[in-house]
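In what follows, a structure is listed as structure tokens, so that the remarks can point back to it.
In our numbering, the protein residues as written are 3 to 123.
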């Protein structure tokens, strides 16, 4: 993911997590075919995988909801529901990066090897 100064990013409050969306490959699996740019944009919006960048101070503090503790930590790549969270771009117009603010409960899984996971088309 990008090496950005996280102090410049919007700082999540409460139980919100700031995640950086992963870029979607322009290739369709191992077929050798390329995805049209419009379809690639649709896939990026629907993407369920992102890297945890920052966590609000109240993430995973509710022991009744999270008796086993936090589901993730900064640096983890996580799965979440497609289209989840508040989407925004950060950075220059020439090189914007998509981020989302999600709640701590949205995280479904930590992905040990993100290169092996893709959305089922």
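In this text, a Cβ means the ideal position worked out from N, Cα and C, and glycines have one as well.
Keep in mind it's a predicted model, so treat the numbers as computed, not measured.
Assignment of residue 11 by DSSP, reduced to helix, strand and coil, places it in the coil class. Per DSSP, the unbroken beta strand (DSSP E) holding residue 101 starts and ends at 99-105. Remark: C-beta atoms of residue 113 and residue 23 do not approach each other more closely than 8 Å. Out of 25, 88, 19, the CA that lies nearest to the CA of residue 98 is found in 25.
With distances taken between CA atoms, residue 7 lies nearest to 92 out of 115, 92, 102, 119. When beta bridges are read from the DSSP output, residue 89 appears opposite 102. Nearest Cα to residue 103 within the set 12, 20, 10: 20. Listed in chain order, the beta strand (DSSP E) elements of length 3 or more contained wholly in the segment 33-85 are 51-57, 79-81. Residue 77 and residue 109 have their C-alpha atoms spaced approximately 14 Å apart. The alpha-carbon of residue 41 is positioned some 10 Å away from that of residue 48.
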